[in-house]
Amino acid sequence: MAKLKNYIVKSNESAAGPDGVCYQFLRHLPESCLHTLLKLFNNIWTTGDIPPSWREASVVPIPKPGKDPSDPSNYRPIVLTSCLCKTLERMVNDRLVHVIESRNLLSNVQCGFRKDHSTVDHLVDWKRLSKRPSPEKSKFWLFFSTWKKPMILPGVTACRPYRLSKAKNFKVIDIRRLYNLIRKFPTYVHISFVWIPAHVGIQGNENVDKLAKGALNRTSTYGKLICYSDLKPKINTYIKSVWQRDWDAEGANKLHEVLPNLGEDLHRRGEGAGRKLEMAMCRLHVGHTWLTQSYLLKNEEQPFCYACDSLYTVRHILIECPDFQDTRRKYFSVTDMYRLFQEVNPSRIVGYLKDLGVYGKI
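With UniProt numbering, letter number 54 in the sequence shown gets 54, and the count goes up by one each step, no holes.
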């Protein structure tokens, strides 16, 4: 309890997350509420069941000063998460950091994301190593590498030797060339790879960013290799858009009303249900059942509802017929086919049909 109070008192005045609970509110909680909050934290730690609202965040884009506001990349996103969640995170993080630091589980050269360490430490080490005298008069090589987004890196498995030798991705080929170049160096040459997880404090960083973005305004272009795998998402998106356009033209199709957007899932099973229920739900989705379509096999006229003199269709039975209104209200209250199959459990739809006495004719 003492640690919980300490974290709440030391918390800053940051804005509340989607749940609307701010630190100012937590500071004025009575002792009984703090005990309840501590029990909640212990239960989350024991079960691993995190409240869904803690997984949400409000993102506020803040424009960078002096940058073009029409460019989305010139905004700095400020993420507001639950203050309750952040309090629990601080408690867990401080405990983990204490265990890691007290047992020396991290390397001494790990400077990023550590208290009392800075990425500038790597620059100081580099400067010290570069000025250190060498009796063999060996050369000092230093490689810096930077990526804007980690997702452009090849996977870890792709960096295995047997994969590097067979890879066709031009990014992996560049890594292979660098690897082969390093192997040709003499054994007395020492090579250090330095990772600096920030550009803070590096002179000229803003100028480099401006020069890099200045290339976007050039009228002349040059050929640039694009990996075929980068085109797959674009191709898939285009194919799906073509399918969706063709599907939108099928307005008279009974299934279109149930599934207007391709890619969505339909509930076909209920709890403890089997193959029979799945078949019944599939027939209801497409609008073809023995009850409503058997007249085609018998070469008869399409039947009408005796109560309201309307065509006897799946839609009419499920949501339209006023004669079934009282029975329908006991199971669901939706008014369109899309919401019926997206929101209502299949077992309730089946219960409604059984109550009407027509489930056996589906």
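Ideal placement from N, C-alpha and C gives every residue a C-beta, glycine not left out. Note that the structure is a prediction, hence the values are computed from the model and not measured.
Could you check if residue i is buried or exposed, using at least 16 other CB atoms within 10 Å of its CB as the buried criterion?
i	result
E343	exposed
F304	exposed
V350	buried
P307	Here residue 307 turns out to be Ala, not Pro, going by the sequence shown. Under this definition A307 is an exposed residue.
V189	exposed
I100	exposed
L88	buried
T335	exposed
K10	exposed
I235	exposed
C33	exposed
D174	exposed
N12	exposed
T187	exposed
K86	buried
K149	Note on K149: pLDDT 46, under 50, position unreliable in the model; the coordinate value appears next. Result: exposed.
G357	exposed
residue 366	The shown model of the chain, from 1 to 362, leaves out residue 366, and the question about it has no answer.
G17	buried
Y179	exposed
K315	Rather than Lys, the amino acid found at residue 315 in this sequence is Arg. With 16 or more Cβ atoms within 10 Å of its Cβ, R315 is classed as buried.
I317	buried
residue 363	With the chain covering 1 to 362 only, the question about residue 363 has no answer from this structure.
Y238	exposed
Starting from the C-beta of residue i, find all residues in its chain whose C-beta is less than 6 Å away, skip the five residues before and the five after it, and write them out in chain order.
i	result
L353	Y359
A15	L80
W54	S82, C85
D19	S53, S82
D355	T327
P280	In the sequence on display, residue 280 carries Ala and not Pro. I362.
L40	none
K213	none
Can you look up residue i in the DSSP assignment and give me helix, strand or coil?
i	result
Y75	strand
P63	strand
L38	helix
Y352	helix
Y331	coil
K234	helix
A15	coil
D265	coil
C111	coil
F25	helix
F185	coil
E31	helix
G279	Here the sequence assigns Met to residue 279, which means Gly is not the residue at that position. Three-state DSSP puts M279 in a helix.
A249	coil
C321	coil
V358	coil
V344	coil
D68	coil
D116	coil
I50	coil
L4	helix
L106	coil
L259	coil
H288	coil
R132	coil
K10	coil
G20	coil
G214	helix
Skipping 5 residues on each side, what residues in its chain have a beta carbon closer than 7 Å to that of residue i?
i	result
R90	Y7
R348	Y331, F332
L38	M1, L4
Y295	E301, Q302, P303
Name the DSSP bridge partner or partners of residue i?
i	result
S58	L80
L311	F304
Sorted by chain position, which residues of the same chain lie with C-beta nearer than 8 Å to residue i's C-beta, five sequence neighbours on each side aside?
i	result
P233	none
L262	K240, W243, Q244, W247
K361	T289, W290, L291
V21	S82, C83, L84
I319	R328, V334, T335, D336, M337, L340
Y312	L291, T292, Q302, P303, F304, C305
C321	C305, A307, C308, S310
K64	N74, Y75, R76
Say yes only if the C-beta of residue i is nearer than 7 Å to one or more non-hydrogen atoms of the ligand SAH, and no if none qualify.
i	result
S70	This structure simply doesn't include the ligand SAH, nor any ligand for that matter.
Would the segment 111 to 129 and the segment 51 to 68 be scored as touching if the rule is three or more Cβ pairs under 8 Å?
-> They do not touch, by the three-pair rule.
Is the segment 323 to 336 in contact with the segment 295 to 304, if contact means three or more CB pairs nearer than 8 Å?
-> For the pair of segments examined, the segment 323 to 336 was found not to touch the segment 295 to 304: the number of CB pairs separated by less than 8 Å stays below three.
Do the segment 67 to 78 and the segment 21 to 38 meet, that is, are 3 or more Cβ pairs less than 8 Å apart?
-> The segment 67 to 78, when compared against the segment 21 to 38, does not touch it at the 8 Å Cβ threshold.
Is there contact between the segment 273 to 292 and the segment 249 to 265, where contact requires at least three CB pairs shorter than 8 Å?
-> Contact holds: three or more Cβ-Cβ distances are below 8 Å.
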